[in-house]
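Add 42 to the 1-based position in the sequence shown for my numbering, that's all there is to it.
Cβ coordinates follow ideal geometry from the N, Cα and C atoms, glycine included.
Remember, it's a predicted structure, so these values are computed and weren't measured experimentally.
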Amino acid sequence: TSKNMIAKSKQESLKIPHTKKTKFVSFDGSIEIVSQHQRPDRFRNLEQIPKDVIRIGRGGGYSYAAPSFGKNILTQEMTSFNRILEFDAKSQTVVVESGVTLKELLKWSFRKKLLLKIQPGHPDITIGGCVAANVHGKNPHKDGTFVDVVLEIKLFHPDHGLMTLNRTQNSDIFELTCGGLGLTGIIVSVKLQLDVLLSDRMVFERTAIESMMDAVEFFKNNLDADFISSWHDGSPLKKNFGRGVGYEGIFADGFKSNKLIMPKKKALTPFSRANLPFSIWNKTTAAITYSFYRKREITGPKTYERNVFDSMFPFAGSAKSFHLFFGKNGFAEYQILVPFNKIEEFVNDVTKLIKIEKPPLIVIFMKPFHGNQKYLRYSGSGITIALDFQRSPITTKTFSKLDDIIISYG
43 TSKNMIAKSK
53 QESLKIPHTK
63 KTKFVSFDGS
73 IEIVSQHQRP
83 DRFRNLEQIP
93 KDVIRIGRGG
103 GYSYAAPSFG
113 KNILTQEMTS
123 FNRILEFDAK
133 SQTVVVESGV
143 TLKELLKWSF
153 RKKLLLKIQP
163 GHPDITIGGC
173 VAANVHGKNP
183 HKDGTFVDVV
193 LEIKLFHPDH
203 GLMTLNRTQN
213 SDIFELTCGG
223 LGLTGIIVSV
233 KLQLDVLLSD
243 RMVFERTAIE
253 SMMDAVEFFK
263 NNLDADFISS
273 WHDGSPLKKN
283 FGRGVGYEGI
293 FADGFKSNKL
303 IMPKKKALTP
313 FSRANLPFSI
323 WNKTTAAITY
333 SFYRKREITG
343 PKTYERNVFD
353 SMFPFAGSAK
363 SFHLFFGKNG
373 FAEYQILVPF
383 NKIEEFVNDV
393 TKLIKIEKPP
403 LIVIFMKPFH
413 GNQKYLRYSG
423 SGITIALDFQ
433 RSPITTKTFS
443 KLDDIIISYG
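Put into structure tokens, the structure is as follows:
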């Protein structure tokens, strides 16, 4: 369009210091764009960009969408803003720059026997990214979402400079920024509320789940757990669909070790995730794998221990191959938060759709939620259902029909 052409000509005509052209890829592999890229390492790098330049902040780049890059947009990657600035032992609060990763914060807080209680599944996600996406952790029904641990934000806006946002100062912008996908400005630093870390380990209990509705009952009986989730076979075969395993986890008593155990190998990036030229996952391999895995899980010991790092970040360790196996073509995830009073109807509709369309649905993940939906935030009370598909034309068609189902609920 003419508007995009004007934006492009402005971007190209302005001299932007310390920038380069970079290929960006969404973690799911669906979007790939070459655009302007800057990695600022001091505040003046943010200030010296001309106001006419369209920009967006970026953290680790682990979003399944592409909120941090776009055509004719300057991406300011904030990973060099990676210092821990302040700590108050009495209030158990910490101020960190937005490029500090969850892994770096856990390494630091572990030594003080403290924990940021809301942790998504990848260790290299940044704190700024957690704010922008309003991520959830291991039991969002008990702990809420990331906004619930954010006390204050320092935000840079080209027209207004450095702004302080909290629940009493610029509160409307604070609310918009938490879950605002970076649209309110560049997140520079964040003040966070930490909690006492009870142990270096978690104790998990496995439960055989026969259906998606069976998982809902499992959740209702374990809402106070520190960790709760389930996975389900996505195979359209009648005997397998929806069967899975539920996991309830609580922190163990005390510390066996004062050292944080971490994997030696690096976690996946959007590029290393796509290393395989083909997908190992398809309807057949998924059905065989999850049938075998479920049998192994429910016939093994009912309880087991796992160190705190692996408990917080399964996709950096034991489950790392899950995303890798989708190969270069990537995967597609459909995630929806269903109110408790609609869950049975939704599960019936989805089950019917999957059995008719037979898309390459690899696995389904479920978790209970509690909170208030506001602005762009993914929050509310109900059950979150994530359906992970192999990317294909049938998947695209299925997504459209899932949209129709959701719209029909009003």
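query, result
"Cα-Cα separation between I126 and H164, rounded to whole angstroms", "20 Å"
"Reference D237; option with closest CA among K132, I98, A257 and F260", "K132"
"N-terminal and C-terminal residue of the alpha helix (DSSP H) that E146 is part of", "L144 to R153"
"Any 3 or more C-beta pairs closer than 8 Å across the region 413-427 and the region 369-383", "yes"
"Cβ-Cβ distance between P401 and T437 below 7 Å", "yes"
"Buried versus exposed, by CB contacts within 10 Å (16 or more), Y106", "buried"
"Best match in F283, F269 and K93 for proximity to I396 [C-alpha to C-alpha]", "F283"
"Among V189, K180 and F431, nearest to K325 - alpha-carbon criterion", "F431"
"Meets three-Cβ-pair contact criterion under 8 Å: the region 187-199 and the region 269-279", "no"
"Residue(s) in a DSSP beta bridge with K62", "H79"
"Backbone CA spacing between I447 and D166 [nearest angstrom]", "35 Å"
"7 Å Cβ cutoff met for A316 and A358", "no"
"Rounded separation between S110 and G224 - CA only", "8 Å"
"Stretch pair the region 360-376 + the region 63-76: three plus CB contacts closer than 8 Å", "yes"
"First through last residue of the alpha helix (DSSP H) which encompasses V389", "I385 to E399"
"Distance CB(G221)-CB(R348) smaller than 7 Å", "no"
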